[in-house]
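Before any comments, here is the structure.
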Amino acid sequence: MVDVLTEIIIERPCQDVARYTTDPENAPSWYVNIERVEWKSPPPLRLGSEVAFVAEFLGRRLAYTYRVTAFVPGERLVMATTEGPFPMETIYEWVSVARSGTRMRLRNRGRPAGFSTLIAPFVAWSMRRANRKDLARLKEILEREPRL
10 MVDVLTEIII ERPCQDVARY TTDPENAPSW YVNIERVEWK SPPPLRLGSE VAFVAEFLGR
70 RLAYTYRVTA FVPGERLVMA TTEGPFPMET IYEWVSVARS GTRMRLRNRG RPAGFSTLIA
130 PFVAWSMRRA NRKDLARLKE ILEREPRL
């Protein structure tokens with residue numbers, strides 16, 4: 010089992026951070042590895058929505074579709090995929106902190122199958138490293154651009 014939890018404090022109101030991060034079209038701007046996003050169901054994001062992503066991870070090009078399995082706007086988003094050798098669940102959580110800041114938690118967890126079980130520790134390490142970069146990039150974007 011791979012279970013990676015990363016979090017950061019962003020000096021923006023919770024609703025701003027949640028709104029930006031739950032718009033899949035913004036994903037390529039703050040996720041270093043995501044190249045492209047395609048809606049498989051009509052926007053906006055809601056329970057049952059499906060969104061396809063094309064990414065590069067560990068030198069491999071990956072295409073996968075997430076389905077929204079839980080969504081409480083401004084609080085929590087859960088997306089899951091069952092495709093490929095590494096089914097994954099991604100969870101976003103936002104909590105207001107201090108005056109106008111937000112603690113954003115990004116959690117990825119999944120159960121690798123077959124050969125992937127052998128490399129699970131390396132995948133977890135790589136995922137944690139990528140998530141830290143992604144959240145740092147998100148913080149930079151949201152704190153620099155007050156109109157987003």
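Heads up, the sequence shown is in the numbering used here, so the first residue is 10 and it goes up one at a time.
Every residue gets a Cβ at the ideal spot worked out from N, C-alpha and C, and that includes glycine.
Here the structure is a predicted model, which is why all the values come from computation and not from measurement.
Bridge partners of residue i, per DSSP?
i, result
"E98", "A89 and R118"
"G110", "V106"
"E65", "R70"
"E59", "R76"
"T15", "L115"
"I43", "A64"
For residue i versus residue j, is the C-beta distance shorter than 8 Å?
i, j, result
"Y101", "R85", "yes"
"M88", "E16", "no"
"A27", "W103", "yes"
"E65", "E47", "no"
"P96", "R120", "yes"
"R20", "G110", "Note that residue 20 is Glu in the sequence shown, not Arg. Contact flag set, yes."
"G57", "V81", "no"
"R116", "L14", "yes"
"L157", "T30", "no"
With burial defined as no fewer than 16 other Cβ atoms inside 10 Å of the residue's Cβ, what is the status of residue i: buried or exposed?
i, result
"W134", "exposed"
"D242", "Any property of residue 242 remains undetermined from this structure, which presents the chain solely from 10 to 157."
"F131", "exposed"
"A9", "What is shown of the chain runs 10 to 157, which leaves residue 9 out entirely."
"F60", "Residue identity check: residue 60 is Val in the sequence provided, not Phe. That one is buried."
"M136", "buried"
"T90", "buried"
Measure the beta-carbon distance from residue i to residue j and round it to whole angstroms, keeping in mind my assumption that it falls under 8 Å.
i, j, result
"L151", "D25", "7 Å"
"E98", "R118", "5 Å"
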